[in-house]
DNA sequence: TTTGCATCCGAAAACGTTTTCGATTTTTTA
DNA sequence: TAAAAAATCGAAAACGTTTTCGGATGCAAA
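Residue numbers (our numbering), protein chains in the order written: chain A, 182 to 520; chain B, 182 to 520.
Spelled out as structure tokens, the structure:
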């Protein structure tokens, strides 16, 4: 019941370990005859290379690390899906870590991935991350790094993103185009840039269309979840009776708002129109179905790994690699929560 | 810019590699003085053990594999969450693979994990998996294995599950208790045992409460998603006008049904009561909110890794380990889709 | 002084692979 | 037939760690 090794095969065939190794990897300096022999014996014994030894020798693990803020999250799980599918195609495995939106944890996990000597790292930052020393360290060690969605401009690496500002602009414009005159915004916390950008897109759209920006119409949801959507909607109803549109930073927030309106008999979209953001699965399943911006999670994951793969390949061949920034396309999804 | 190794430290201090290694691991046969010296130097040079060499030497990777049918799925992502959190606590990393409900892919991925020499494997089977040769192989190789949720009885390993049959019984009984007389069931495909068990629980509940089982009230959703819920509900409305309750195999199916009733002006729960299954996040966010059975995904993940960890530990110490089966508690969640 | 006993250290083997480089054999060319 | 070229193979080093086992040293007990 011993492990099958190159040595084992070599002894069985009466040849050297070197030749066995080279035969299995199709080196040109071993004859067809011995190659066939070796391969046959390897198959017979069900030889599987010891990946630990290979790693040690080649200094690579064919494994990459992924850090995301949350696993239980439609958008991020879509990204994960895109990443692991693509990675598997290229023979890479993915180690997934969850930062729980905590900077401290994120830092620790970067260290963990470094010590595990992954071949590359993909990350979407925690909201609280501003200090980027740990990421700089990754770059300094020469480990390929790709950031997606929640990025930091301070670090010079490849980035896969959407244009949050433009998408928010489109969302707001859709409300304006459909006749809304007084549009509220349920924004996210102050910190992640995405939250800021969406707010700026909202503001810009108003200004471009002759609607004065009114900061009292902006509500902050520090956690962009269902409950905060409920709270914001309730507060909004107290503060302003005549609002006829809402652009929510996230589908979940929008859905929270809708549930409030449903309960109070306020008709969506007749009395008030609502736009979400992300096109989570859930947004097509509620009543009324939610108009939103499609944020291509799966595609983002795919592109993220592809970019990382290119960078890893370049590194392996000692070629230089210039970081790229890829901005993915978002689309307006018109459903029944807007006119 | 060379890697810092034990050798490096040893040379700097003029001692042997052996002593350095032992000092860092607090072996008793190295003096306090040299220990302090070594540790200081290690810290100074920012020494990090080469995990590849450690793996090769110790034959362990401190990495475990996880195969699930789908990543973008509330329940499974909750499980993932529980697993990686627990794993990280114990110093293990998790490699996640997605079988896409494909038996072939599942088999390939098992091979992949074996060849990567993970220390243990956790899996929830693809629906189509009946042949379990690949899992037997895992057992035969002595790799600790834990199955959860979608399991096979044919394989002797630890299992973390819920009692689908009992939970379905509870769900159906709740409909009966709240006054429903004619209860339909939207079941899943023929294959995964969970689908069968939920069906059996439904049937048993009817029989125990003096309601004759009527197979024409059972609709099959081969994919348990939103669209199939819509289809089943529409078909049901054509076939039977007087149904007053539905037990759907999954929240998503139930929500599809609700959307149909909402559209047609059929009142839930006044005209018809609906029970889901799983307590996905979404079920509390729709209108009316969905009564369902809580399936503890996070806890399942936690227990799954904990059990695996015990088994890995036993193996490391050459102790025997008897597989355990843990049945987690499910709870009836009463919301507004039932009376 | 010898013996016994801790205490501390290091040589060396081992884990299994990859790859360089030189040696040997075979084939081709002059 | 000899020399050159090509084809084929293998010895050995290297990757960085862990762990066994024996040696050295010092000290107390006999």
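Every residue, glycine too, gets a C-beta built ideally from N, C-alpha and C.
Asked                                                                                                                                                                   : Found
Would you mind working out which of 427/A, 506/A, 438/A, 502/A sits nearest residue 520/A, comparing C-alpha positions?                                                 : 427/A
Which value, in whole angstroms, describes the spacing of the CA atoms of residue 123/B and residue 298/A?                                                              : The structure shown does not extend to residue 123/B, since chain B is modelled only from 182 through 520, so no value can be given for it.
List in chain order: all unbroken alpha helix (DSSP H) runs of 4+ residues lying wholly within the stretch 219-247 of chain B.                                          : 232-239
Any idea what DSSP makes of residue 441/A, helix, strand or coil?                                                                                                       : helix
Please name the residue, chosen from 376/B, 465/B, 413/B, 452/B, that lies closest to residue 430/B on a Cα-to-Cα basis.                                                : 376/B
Any Cβ of chain A within less than 7 Å of the Cβ of residue 404/B?                                                                                                      : no
Secondary structure at residue 335/B, three-state DSSP: helix, strand or coil?                                                                                          : coil
Smallest Cα separation from residue 496/A: which of 240/A, 468/A, 445/A, 313/A?                                                                                         : 240/A
Can you list, in chain order, the stretches of the alpha helix (DSSP H) that have 4 or more residues and sit fully within the stretch 388-449 of chain B?               : 407-420, 432-445
Return the CA-CA distance between residue 222/B and residue 228/B, expressed in angstroms with no decimal places.                                                       : 8 Å
Can you check whether the C-beta of residue 279/B is within less than 7 Å of a C-beta belonging to chain A?                                                             : yes
Give the DSSP-derived three-state secondary structure of residue 363/B in the structure shown.                                                                          : coil
Determine whether the beta carbon atoms of residue 474/B and residue 511/B lie at a separation below 7 Å.                                                               : yes
For residue 257/A, report the span of its alpha helix (DSSP H) as first-last.                                                                                           : 255-270
Who are the Cβ neighbours of residue 415/A in its own chain at under 8 Å, not counting the five residues just before and after it?                                      : 441
From this set, 439/B, 393/B, 392/B, 350/B, which residue's C-alpha is nearest residue 413/B's C-alpha?                                                                  : 439/B
Rounded to whole angstroms, what's the CA-CA distance from residue 398/A to residue 421/A? Just pull it up for me.                                                      : 8 Å
Here's a check: name, in chain order, each residue in its chain whose Cβ is nearer than 6 Å to the Cβ of residue 380/B, leaving out the five neighbours to either side. : 368
Three-state secondary structure (DSSP) at residue 530/A?                                                                                                                : Here chain A comprises residues numbered 182 to 520, so residue 530/A is not present and cannot be evaluated.
Measuring from the CB of residue 456/A, is there a heavy atom of the ligand ADP at a distance below 6 Å?                                                                : In the structure on display, the ligand ADP does not appear, and there are no ligands present to speak of.
Excluding the 5 residues flanking residue 437/B on each side, which residues of the same chain have their C-beta closer than 7 Å to its C-beta?                         : 407, 408, 409, 410, 411, 414
List the residues that DSSP assigns as beta-bridge partners of residue 507/B.                                                                                           : 341/B
What separation, rounded to the nearest whole angstrom, lies between the Cα atoms of residue 324/A and residue 184/B?                                                   : 14 Å
Can you give me the C-alpha to C-alpha distance between residue 235/A and residue 279/B, rounded to a whole angstrom?                                                   : 25 Å
Does any CB atom of chain A fall closer than 7 Å to the CB of residue 273/B?                                                                                            : no
Tell me which residues of the stretch 451-477 of chain B have at least one Cβ-Cβ distance to chain A shorter than 7 Å, keeping chain order.                             : 463, 466, 467, 468
Shorter than 7 Å from the beta carbon of residue 343/B to some beta carbon of chain A?                                                                                  : no
Establish whether the CB of residue 336/A and some CB of chain B are separated by less than 7 Å.                                                                        : no
Please report the straight-line C-alpha distance between residue 419/B and residue 334/B, rounded to a whole angstrom.                                                  : 39 Å
Excluding the 5 residues flanking residue 250/B on each side, which residues of the same chain have their C-beta closer than 8 Å to its C-beta?                         : 257, 279, 280, 281, 282, 305, 306, 307, 308, 331
Expressed to the nearest angstrom, what Euclidean distance is found between the alpha-carbon atoms of residue 501/A and residue 465/B?                                  : 51 Å
Does the beta carbon of residue 407/B sit closer than 7 Å to a beta carbon anywhere in chain A?                                                                         : yes
Starting from residue 202/B, trace the alpha helix (DSSP H) both ways and give me its first and last residue.                                                           : 198-205
Assuming contact is defined by CB atoms lying nearer than 7 Å, are residue 319/A and residue 302/A in contact in what I supplied?                                       : yes
In the structure shown, what three-state DSSP assignment does residue 478/A receive?                                                                                    : helix
Quick check: the stretch 258-268 of chain B against the stretch 474-490 of chain B, are at least 3 beta-carbon pairs closer than 8 Å?                                   : yes
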